[in-house]
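Novice: My structure is below; once you've seen it, I'll send some questions.
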Amino acid sequence: MTVVWRELTPGLGAEITGLDLSQPASAETAAALNAALARHAVLVFRDQAMDPAQFTVAGELFGPLMPQQLKQFVLKDHPLVGYNSTHDLPRKNGKLQVRGENYHTDHSNEVSPPKATMLLAISLPSHGGDTQFVDVRQAFDDLPGDMRQRIQGLRSRHVHQSSRSPRSFAKLSEEALQAIPQTWQPLVIRHPDSGRPALYLNTGRMEGIDGMADDAAHALIEQLYQHATQPRYEYRHVWRQGDMVIWDNRSVMHQANADYNPEELRFLYRLMVQGVPLQAA
Ligand code: SIN
3 MTVVWRELTP GLGAEITGLD LSQPASAETA AALNAALARH AVLVFRDQAM
53 DPAQFTVAGE LFGPLMPQQL KQFVLKDHPL VGYNSTHDLP RKNGKLQVRG
103 ENYHTDHSNE VSPPKATMLL AISLPSHGGD TQFVDVRQAF DDLPGDMRQR
153 IQGLRSRHVH QSSRSPRSFA KLSEEALQAI PQTWQPLVIR HPDSGRPALY
203 LNTGRMEGID GMADDAAHAL IEQLYQHATQ PRYEYRHVWR QGDMVIWDNR
253 SVMHQANADY NPEELRFLYR LMVQGVPLQA A
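Take 3 as the starting number for the sequence shown in my numbering and just add one per residue.
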């Protein structure tokens, strides 16, 4: 089978067909995939069929795997493999709620947040449930020069759930909450592989900006969030059976959509690849 690469948008996302990730891959293939991830930020692999063990091996092509923060959403026999399911959260006033609504980057409260997150589609609804991605590298590049200068050097404290979070997070016991770290992160990071600067935003977890009054800090965060989530920075992934998608958490934010029929199961396996401490740009 021939491996075919196709750009999904001019700056963001690439689709790969003809590569079976359930089979062993060479070091050259792994290097090419990692280079493509650093460049395109979202990779979509079509027509994959993997059990959790094979998915784990495929994940390791991108680096050592990282444990999931929320232990209630992991497979019993494969604790590194998490899942996103229609049944994760209770319905609110009869309406479906899903984890991952509102654009965010994963586990930004960790000292070394995940390099990448991977989802493998196991069961999909007939319509909806897309995942959206926005390019926070391009969003930074497009800011006016005075704004770029103003925010470089600022840092924000990332916690489990910000007091200003636009979404609710899974409820945790006091003990589980204590185990979850809080970390100061730069507002503008430098990508560890490509060197590109990028906005680093997570409105659900950001608890203010160092040295700024709370209202002013959150107004600035909101202004940057509104800028970065414009449609011109977006790739919207419409899931197909057999899709495996990996994204770089230092280059994109992503969000889930609770817009599908809750009687239809949406179930995806999830892996995270370990990252490194973030450096300011
Ligand atoms: C997430 O991992 O934040 C959710 C993505 C999705 O289920 O579409």
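Every residue gets a Cβ at the ideal spot worked out from N, C-alpha and C, and that includes glycine.
Based on the DSSP output, what are the partners of aspartate 79 in its beta bridges?
Specialist: DSSP, once it has assigned bridges, lists no residue as partnering aspartate 79.
Novice: Taking the DSSP output, what are the residues bridged to arginine 157?
Specialist: Pro188.
Novice: Between the segment 173-190 and the segment 254-269, are three or more C-beta pairs nearer than 8 Å?
Specialist: The segment 173-190 is not in contact with the segment 254-269.
Novice: Pick helix, strand or coil for asparagine 86, following the three-state DSSP scheme.
Specialist: Asparagine 86 falls in the strand class under three-state DSSP.
Novice: Arginine 238 and aspartate 132 - do their beta-carbons sit closer together than 8 Å?
Specialist: Yes; because the gap between Cβ atoms is below 8 Å, this pair is in contact.
Novice: Please say whether valine 275 and glycine 65 have beta carbons closer to each other than 8 Å?
Specialist: It is a contact, given that the beta carbons lie within the stated cut-off.
Novice: When you measure from the CB of leucine 91 to every non-hydrogen atom of ligand 1, does any distance come out below 7 Å?
Specialist: No, since every heavy atom of ligand 1 falls outside the 7 Å radius drawn around the Cβ of leucine 91.
Novice: Near ligand 1, which residues have their beta-carbon less than 5 Å from any of its heavy atoms, given in chain order?
Specialist: The set, ordered by position in the chain, is Asn86, Gly102, Thr133 and Ala258.
Novice: With 16 as the cutoff for other CB atoms within 10 Å, does histidine 220 come out buried or exposed?
Specialist: By the neighbour-count rule (16 or more Cβ atoms within 10 Å), histidine 220 is buried.
Novice: Report back the beta-carbon spacing between leucine 23 and alanine 60 to the nearest angstrom; my notes put them in contact at under 8 Å.
Specialist: Leucine 23 to alanine 60, Cβ: 4 Å. Contact.
Novice: Can you say whether alanine 29 is buried or exposed, counting buried as having 16 or more other CB atoms within 10 angstroms of its CB?
Specialist: Its Cβ having fewer than 16 others within 10 Å, alanine 29 is exposed.
Novice: Taking only three categories from DSSP, how would you classify glutamine 70?
Specialist: Reduced to three states, the DSSP call for glutamine 70 is coil.
Novice: Report the option in Asn251, Arg192, Leu122 and Leu72 whose CA atom is closest to the CA atom of threonine 58.
Specialist: Checked all of Asn251, Arg192, Leu122 and Leu72; the closest Cα to threonine 58 is Leu122.
Novice: State the start and end residues of the unbroken beta strand (DSSP E) segment that holds proline 233.
Specialist: Run containing proline 233: none; DSSP gives neither H nor E here.
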